[in-house]
Amino acid sequence: MMSSVTEETLDIIYQDEWLVAINKPSGLLVHRSMIDRHENRFAIQLLRDQIGQKVYPLHRLDKPTSGVLVFALSSEVASLAGEQFQQGSISKTYLAVVRGFAPESGTIDHPLKEKLDKIADKKARKDKPAQEAVTEFERLAITEMPVAIDRYPCSRYSLVELHPKTGRKHQIRRHMKHIAHPIIGDAKHGKGNHNRYFATHLGADRLLLHCTNMTMTHPVTNKTIKLSASLDTVLDQLFDRFGWTSFKTSD
Numbered sequence: 013m014m015s016s017v018t019e020e021t022l023d024i025i026y027q028d029e030w031l032v033a034i035n036k037p038s039g040l041l042v043h044r045s046m047i048d049r050h051e052n053r054f055a056i057q058l059l060r061d062q063i064g065q066k067v068y069p070l071h072r073l074d075k076p077t078s079g080v081l082v083f084a085l086s087s088e089v090a091s092l093a094g095e096q097f098q099q100g101s102i103s104k105t106y107l108a109v110v111r112g113f114a115p116e117s118g119t120i121d122h123p124l125k126e127k128l129d130k131i132a133d134k135k136a137r138k139d140k141p142a143q144e145a146v147t148e149f150e151r152l153a154i155t156e157m158p159v160a161i162d163r164y165p166c167s168r169y170s171l172v173e174l175h176p177k178t179g180r181k182h183q184i185r186r187h188m189k190h191i192a193h194p195i196i197g198d199a200k201h202g203k204g205n206h207n208r209y210f211a212t213h214l215g216a217d218r219l220l221l222h223c224t225n226m227t228m229t230h231p232v233t234n235k236t237i238k239l240s241a242s243l244d245t246v247l248d249q250l251f252d253r254f255g256w257t258s259f260k261t262s263d
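Position in the sequence shown counted from 1, then plus 12, gives you the numbering used here.
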């Protein structure tokens, strides 16, 4: 008896003959990883099957992070575009829900020791010193709930817009932990009791980090392209609940 297989369709937000970009859902790996050795869903394979040609990822998004993810449609274009990512000339904007009332704005300049994946980074040096890592941020909104999740009678959260100036692995998540405002839903760098409350009572069982915009120079046409990814249902409903509706789209 044949088993039925449901085709998963990715949300393509940009496509031409050289590039394709998707709004990556939370929970989807970009490529195979030792961290999730039993996972069999990967953005590379799903997108390849969907458009009928090989794709080459130009950057990473963590499995639990959603938003703009860009691929080249040939190795030659991937090499051209890759230079922009290495030089830090790509502009990225993220939205995150973090614990506590974050500062109104600031720059986190905190070097990070590279964390390697046994498959994806098998050729990387194991003894590299901590690398420069810089993230600029701005607090957009705050909310306070009359719920004692920690030792305080109320629980405070912030909506933060982030602009990473370097591209280190897990940079935003590690930087927000560094300033004591971890992202909600971050199992590794956050606090479990807050994560559990959002999952159980607010229907937000995911890392609350989303790449809303990316601006880059097209590697072939040299024109500036701006890629935008809308919020998923979980984030959309949470923003409504907290009165953050005006921040659903980022310019």
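Beta carbons: idealized from backbone N, C-alpha and C, even for Gly.
Nearest residue (CA-CA) to residue i, options the options
i: residue 164; options: 93, 205, 247 and 184; result: 205
i: residue 166; options: 158, 22 and 172; result: 158
i: residue 244; options: 255, 221, 56 and 59; result: 221
i: residue 178; options: 85, 121 and 82; result: 121
i: residue 141; options: 172, 180, 111 and 113; result: 180
i: residue 33; options: 67, 43 and 44; result: 67
i: residue 174; options: 58, 109 and 56; result: 109
i: residue 202; options: 56, 92 and 111; result: 111
i: residue 252; options: 235, 161 and 155; result: 155
i: residue 44; options: 63, 91, 259 and 75; result: 75
i: residue 94; options: 239, 198, 31 and 40; result: 31
i: residue 100; options: 62, 146, 258 and 107; result: 146
i: residue 258; options: 211, 107 and 125; result: 107
i: residue 27; options: 42, 56, 63 and 41; result: 63
6 angstroms Cβ shell around residue i - same chain, five flanking residues per side excluded
i: residue 230; result: 237
i: residue 35; result: 23, 25 and 241
i: residue 233; result: none
i: residue 254; result: 155
i: residue 13; result: Note that residue 13 has pLDDT 38, beneath the 50 cutoff, so the model's placement of it is unreliable and the number below is only indicative. Correct list: empty, nothing qualifies.
Three-state secondary structure assigned by DSSP to residue i
i: residue 122; result: coil
i: residue 210; result: helix
i: residue 161; result: coil
i: residue 23; result: strand
i: residue 143; result: strand
i: residue 67; result: coil
i: residue 192; result: coil
i: residue 58; result: helix
i: residue 73; result: coil
Residue i and residue j closer than 7 angstroms at C-beta
i: residue 176; j: residue 144; result: no
i: residue 218; j: residue 246; result: yes
i: residue 171; j: residue 192; result: no
i: residue 228; j: residue 102; result: yes
i: residue 83; j: residue 69; result: yes
i: residue 97; j: residue 71; result: yes
i: residue 73; j: residue 85; result: no
i: residue 119; j: residue 225; result: no
i: residue 195; j: residue 185; result: yes
i: residue 116; j: residue 168; result: no
i: residue 20; j: residue 58; result: yes
Cβ shell of residue i (< 7 angstroms), same chain only, five flanking positions each side left out
i: residue 37; result: 78 and 244
i: residue 249; result: 215
i: residue 87; result: 68
i: residue 161; result: 167, 205, 206 and 209
i: residue 261; result: none
i: residue 56; result: 42, 43, 67 and 69
i: residue 199; result: 207
According to DSSP, residues forming a beta bridge with residue i
i: residue 257; result: Residue 257 is not bridged to any residue.
i: residue 105; result: 225
i: residue 79; result: 36 and 223
i: residue 149; result: 118 and 174
i: residue 84; result: 31 and 68
i: residue 239; result: 226
i: residue 155; result: 169
i: residue 246; result: BP columns for residue 246 are empty, so no partner.
i: residue 111; result: 169
i: residue 41; result: 54
Residues of its chain near residue i, where Cβ-Cβ distance is below 8 angstroms and the 5 sequence neighbours each way are ignored
i: residue 15; result: Its pLDDT being 37, under 50, residue 15 is placed unreliably in this model, and the coordinates cannot settle the point.
i: residue 127; result: 181 and 182
i: residue 17; result: With a pLDDT of 41 at residue 17, under the threshold of 50, the modelled position of this residue cannot be trusted, and the question is left open.
i: residue 52; result: none
Residue i: CB within 6 angstroms of a non-hydrogen atom of the ligand FAD
i: residue 150; result: Judged by which ligands are present, the structure shown has none, so any question about the ligand FAD falls away.
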